[in-house]
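Written below as structure tokens is the structure these notes are about.
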Amino acid sequence: REAAAAMPAFRQVGEKQLPQEVVVMAWSPKRDLIALANRAGEVLLHRLANFQRVWSLPPNENSGKEVTALAWRPDGKILAFGLTDTKRIILCDVEKPESLHSFSVNLSITYMHWMEVTEESSILTSFYNAEDESNLVLPKLPALPKNNRIFYIFSEEKSDEIMKLLGDVRLNALVLGGSSGFIEIYAYGMFKIATVTGVAGSCRGLCLSSDLKSLSVITEIQDSSDSEAEITYFQLDTSLLSSYLPEVTRMARKFTHISTLLQYIKLSLTCMCEAWEEILMQMDSRLTKFVQEKNTTTSVQDEFMQLLLWGKASLELQALLMNQLTVKGLKKLGQSIESSYSSIQKLVISHLQSGSEALLYYLSELKGMALWKQKYESLGLDASGIEEATTAVGSFILKANELLQVIDSSMKNFKAFFRWLYVAMLRMSEDHVLPELNKMTQKDITFVADFLTEHFNEAPELYNRKGKYFNVERVGQYLKDEDEDLVSPPNTEGNQWFQFLKSSTHLKESPLLFPYYPEKSLHFVKRQMEEVIDQCLQKPADVIGKSVHQAFCMSLYKTSQSEDSSPQLFKLPFLWNDKTSNIHYVLFTILESSISKIHILRRHTDTSRSTGNGVVAVEFGNFLNNGINESSDSRCYSCLDAHFYDDETVTVVLKESVEQEGKERILAQLPLSSVYTDEDQEAEFIWDSTKRLDEQSDEIATRTVFLDSQWRVLENMKAQYVAVNGIRKVSCVLSSNLRHVRVFEMDVEDDGEVEEEEEEETT
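Numbering (the working numbering), first residue to last: 4 to 766.
Okay, here's the thing in structure tokens:
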């Protein structure tokens with residue numbers, strides 16, 4: 004015992020008491036960082052060294068407050084977390100606590116797993132290299148103006164953010180599991196590639212094998228609220244994904260580009276709405292008020308016409324112009340209209356148009372793929388759906404162009420109108436009018452008269468709808484979200500193209516012409532485009548999802564109700580996929596005579612293979628030698644938690660089951676080689692599928708393992724859970740009250756007692 008204490012395995016590098024209970028933790032696959040989520044709904048990122056905090060993301064009303072699952076993208080650059088209360092998934096940048104992308108799901112998420120395909124093939128390599136073709140063809144998307152926090156994805160110095168979100172071309176997939184059998188697979192964490200049905204119960208763990216051949220799922224099935232839940236293991240065959248890997252990768256990549264572009268267009272529109280200011284409504288509201296208060300029967304239009312033609316205004320109009328509008332106010336209004344219109348115009352030309360052209364590019368590439376039926380038909384890629392999406396994007400481009408024309412004519416009209424009104428008001432106030440302002444040609448007068456005729460007629464029906472009699476300002480109606488129909492649609496009378504279309508029956512039906520919705524706002528057409536594209540993206544997910552079928556199912560054990568206070572996420576079972584030998588492992592414990600004995604279930608990812616599948620139980624021989632009689636029952640350790648450290652090792656947290664002071668908790672590394680010894684090719688365990696596994700536990704082969712050096716006593720800590728990462732060789736132990744954390748480097752020998760003494764002094 005003394006010798007062992009002098010040289011504890013694993014070096015402790017940090018310890019913390021946290022203010023909030025931790026509900027889920029996950030090590031980054033590439034760096035010494037660990038992500039935690041706590042009861043308060045915060046997501047925290049900590050460093051291994053001294054468990055120092057890097058950043059925290061506080062809970063947010065819109066995104067949600069109940070984090071129930073975390074997963075790292077395999078390159079470690081993006082952290083995904085799932086929120087139960089709002090049913091949202093958020094992808095967050097590891098560098099700073101900001102959401103890069105988010106989407107909603109139908110049911111609350113209980114588990115997430117993010118895997119990467121490891122397979123190499125010449126077809127894949129050629130596709131990985133061809134990824135940049137689009138960069139040669141498409142211009143770089145201009146960055147959005149930086150007036151708002153949400154635009155940082157596309158802001159100036161960050162045009163690579165969108166590439167960061169797309170990540171590596173190699174296919175990776177985020178698998179989500181939720182309540183009542185909900186399972187969805189998202190390629191690159193963004194595009195839904197499969198909706199899996201046919202699994203019962205609430206998901207407790209899942210793991211998609213890196214060869215994409217099978218998906219392991221563990222669910223908890225509860226018949227009624229008072230009964231104990233049954234933990235069941237399902238193995239699903241996803242061989243469609245693996246046999247069409249190059250096609251799936253290419254299709255998913257295009258769809259992911261499309262999703263990011265839709266996001267880009269949405270943000271551009273938000274920018275445009277922000278550029279349109281409320282001050283532009285002033286003209287309409289002042290005139291409406293004028294109508295309500297005036298005593299004369301003359302219409303507003305006539306009042307202004309009289310001023311234009313005779314240079315004389317009624318007293319009422321004079322009061323409106325001089326007291327309410329004022330010369331200064333008029334100038335200000337003129338400037339706001341100009342600056343606001345020109346920035347909206349720039350956004351349409353540079354952002355909306357380039358974004359929608361890029362959308363057309365990817366959609367036409369997809370259509371080409373859809374027509375290659377032998378490759379893509381079985382994945383549910385459908386050319387007609389893509390054509391509809393293309394048409395919807397075309398209509399959106401037409402609407403954006405219409406908005407440009409409206410801005411253009413409005414700017415001209417307002418300029419002429421304000422210039423004339425400014426002079427008229429200066430005259431009323433008997434100010435000196437500069438001679439160059441005074442010149443008004445007949446053409447200018449006609450122009451203003453036309454503007455008054457068209458824009459200044461009272462519309463009582465508009466008052467019922469909008470609470471105003473006038474709609475002089477014509478741009479806002481395109482950008483308003485709540486309106487589907489335009490208040491003043493553009494006047495298409497006498498337009499030769501429209502007349503030609505009306506008279507020609509063949510052209511009406513032509514698929515080459517994009518439908519044009521003259522009555523509708525830009526927002527309406529954008530929403531329509533999004534819906535059509537969403538539908539077109541949805542089909543492959545349904546088709547691929549239907550191809551997934553159950554290959555194997557086994558009821559493992561019933562959960563005891565007593566331990567239900569702790570969050571689900573930490574509880575075993577734990578799933579692991581060995582990438583090199585393509586095996587799924589399931590770790591779980593079964594209670595036998597008051598000892599939790601750890602069991603390991605192996606399933607080959609190739610569901611057609613029957614060999615190499617089996618269950619084995621492990622018990623730990625007495626290695627503490629703390630004065631208990633050696634010959635006494637050797638099974639004196641219960642396993643509290645177990646996780647795969649790497650393909651060869653399992654990290655376990657054990658507790659002594661013999662009643663004694665300060666029940667020792669132990670952190671240990673269990674090598675699989677000591678469990679799967681060659682001499683006995685696992686006596687094939689033949690289970691009775693009518694019974695649960697824990698009812699036939701006597702039949703399961705048991706290995707007794709004696710640990711030599713790879714263990715360490717966890718002093719003064721009621722350790723209960725562990726999270727590990729074998730790539731970075733680190734582990735994090737969490738106490739049963741979910742607030743006390745210790746982190747270890749697993750592959751270092753300590754410098755013996757010196758450090759221990761120092762540690763005691765510091766604590």
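Where is the CB? At the ideal position from N, CA and C, for every residue including glycine.
Using a Cβ-Cβ cut-off of 6 Å (strictly less than) and excluding sequence neighbours within five positions of residue i, which residues of its own chain qualify?
i    : result
R668 : K658, L717 and A722
Q238 : S217, S219, A554, F555 and R606
V475 : M286, D287 and H458
F747 : F13, Q15 and S734
P518 : S398
M749 : F13, K732 and S734
Y466 : Y472
L244 : L215 and V251
G17  : N53, F54 and V746
K378 : E250
A72  : G85, I112, Y114 and M115
With DSSP collapsed to three states, give me the class of residue i.
i    : result
V736 : strand
S129 : helix
A255 : helix
M443 : coil
M275 : helix
D240 : strand
K511 : helix
A38  : strand
E69  : coil
S635 : The predicted model places S635 with a pLDDT of 47, which falls under 50 and marks its position as unreliable; any figure quoted below should be read in that light. It is coil, neither helix nor strand.
F501 : helix
P438 : helix
N138 : helix
R731 : coil
N625 : coil
V16  : strand
R76  : coil
N616 : coil
E223 : strand
T495 : coil
D711 : coil
S641 : strand
M193 : coil
N580 : strand
Determine the closest residue to residue i out of the options, with distance taken between C-alpha atoms.
i    : options                  : result
H116 : T200, S31 and R56        : S31
M532 : V97, T393, L283 and E306 : T393
S413 : F450, S381 and G44       : F450
Q699 : M557, M720 and H552      : M557
N441 : L324, T300 and Y425      : Y425
A452 : F420, D434 and G470      : F420
F84  : I93, R76 and D78         : I93
R256 : S137, L355 and R207      : S137
Suppose the cutoff is 7 Å on Cβ atoms and the five residues either side in sequence are ignored; what does the same chain contact list for residue i look like?
i    : result
L283 : S339, I340, S343, E476 and G479
E24  : N41, R42, L741 and R742
I389 : L366, L369, K370, A373 and C539
E69  : G44, L86, T87 and D88
Should residue i be labelled buried (16 or more other beta-carbon atoms within 10 Å of its own) or exposed?
i    : result
W279 : buried
Q55  : exposed
Q20  : exposed
V318 : At residue 318 the sequence reads Leu, which differs from the Val that was named. Exposed.
E159 : Any reading at E159 must be qualified, since the residue scores a pLDDT of 40, below 50, and its modelled position is unreliable; no value is offered.
R4   : Any reading at R4 must be qualified, since the residue scores a pLDDT of 39, below 50, and its modelled position is unreliable; the value itself is stated next. Counting Cβ neighbours within 10 Å, R4 comes out exposed, since fewer than 16 surround it.
L437 : exposed
G497 : exposed
I234 : buried
E98  : exposed
A133 : exposed
Q502 : exposed
Assuming residue i contacts residue j under a Cβ cut-off of 8 Å, what Cβ separation, rounded to an integer in Å, is found between them?
i    : j    : result
S183 : S205 : 7 Å
D545 : T241 : The pair is not a contact, with the Cβ atoms about 15 Å apart (cut-off 8 Å).
Q672 : Y640 : That belief does not hold up - the Cβ atoms of Q672 and Y640 are roughly 14 Å apart, past 8 Å.
S246 : L147 : Actually they do not touch by this definition, with Cβ atoms about 41 Å apart.
M428 : L333 : 7 Å
V57  : L48  : 4 Å
Keeping to the same chain, check which residues put their C-beta closer than 8 Å to that of residue i; ignore five residues upstream and five downstream.
i    : result
T608 : S212, D214, K216, S217, N580, N585, I586 and H587
K167 : K80, I81, D96 and L103
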